[in-house]
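Here the structure comes first, spelled out in structure tokens, and everything after it is commentary.
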Amino acid sequence: MPRKWFQLVGEDGNALTSADAVVVDIEDVDTLRKTVKEAYADSDLAGIAPSNLTVFANRAAYEAKQALGPRVPLANIDEDDTLIVQVPQKADSGMSMVRQWLCVMK
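Numbering (this note's numbering), first residue to last: 836 to 941.
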């Protein structure tokens, strides 16, 4: 099975992980998002739906903000490139907002 290399980045473009690979038969971007989510479900991607991940063919495509659609076949992507998977910022939980409010009130 082919390996697909990727790197998780935050909305600011800073790396959340070093480059990593998933070893599965991934046909399209949608399948890649689900596979990456499964691999990081208990850490960087906890509470984030696979459909909220944005995938770019490489760093240059990321800088140009040229995201890949969910149906794009990964066979068309250069296997030497590291895919960039952008992770949305997690929404603050209600408790976190309460803590911030209490700090302001002090």
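No residue lacks a Cβ here, since even glycine has one placed at the ideal position from N, Cα and C.
Excluding the 5 residues flanking tryptophan 840 on each side, which residues of the same chain have their C-beta closer than 6 Å to its C-beta?
As a first step, residue 840 must be located in the sequence shown, where it is residue number 5. Here the set comprises Ala854, Ala856 and Thr917.
Whole alpha helix (DSSP H) runs in the stretch 842-900 with 4 or more residues, listed along the chain?
864-874 and 894-898
Pop quiz: leucine 888 and valine 922 are said to be a contact at Cβ under 8 Å. What is the actual Cβ separation, rounded to whole angstroms?
Along the sequence shown, one-based indexing puts residue 888 at 53. Along the sequence shown, one-based indexing puts residue 922 at 87. Confirmed, about 6 Å.
Leaving out five residues on either side along the sequence, give the residues of the same chain with a beta carbon under 7 Å from the beta carbon of glutamate 846.
To locate residue 846, count along the sequence shown from 1; it is residue 11. If we look at glutamate 846 and ignore the five residues flanking it on each side, its Cβ neighbours are Gln921, Pro923 and Gln924.
Does the Cβ-Cβ distance between alanine 892 and isoleucine 912 come in under 8 Å?
The count along the sequence shown starts at 1 and reaches residue 892 at position 57. The count along the sequence shown starts at 1 and reaches residue 912 at position 77. Against a cut-off of 8 Å, the Cβ pair of isoleucine 912 and alanine 892 comes out as a contact.
Does the distance between the C-beta of phenylalanine 891 and the nearest non-hydrogen atom of the ligand PLP fall short of 7 Å?
As presented, the structure is devoid of all ligands, the ligand PLP included, so that no description of it is given.
Give a yes or no on whether the C-beta atoms belonging to glutamate 862 and leucine 909 are separated by under 8 Å.
Indexing the sequence shown from 1 puts residue 862 at position 27. Indexing the sequence shown from 1 puts residue 909 at position 74. Against a cut-off of 8 Å, the Cβ pair of leucine 909 and glutamate 862 comes out as a contact.
Separation of asparagine 849 from aspartate 865, as counted between CA atoms
Position 30 of the sequence shown, counted from the start, is the residue given in the question as residue 865. Position 14 of the sequence shown, counted from the start, is the residue given in the question as residue 849. Within the model, the alpha-carbon separation for aspartate 865 versus asparagine 849 is close to 23 Å.
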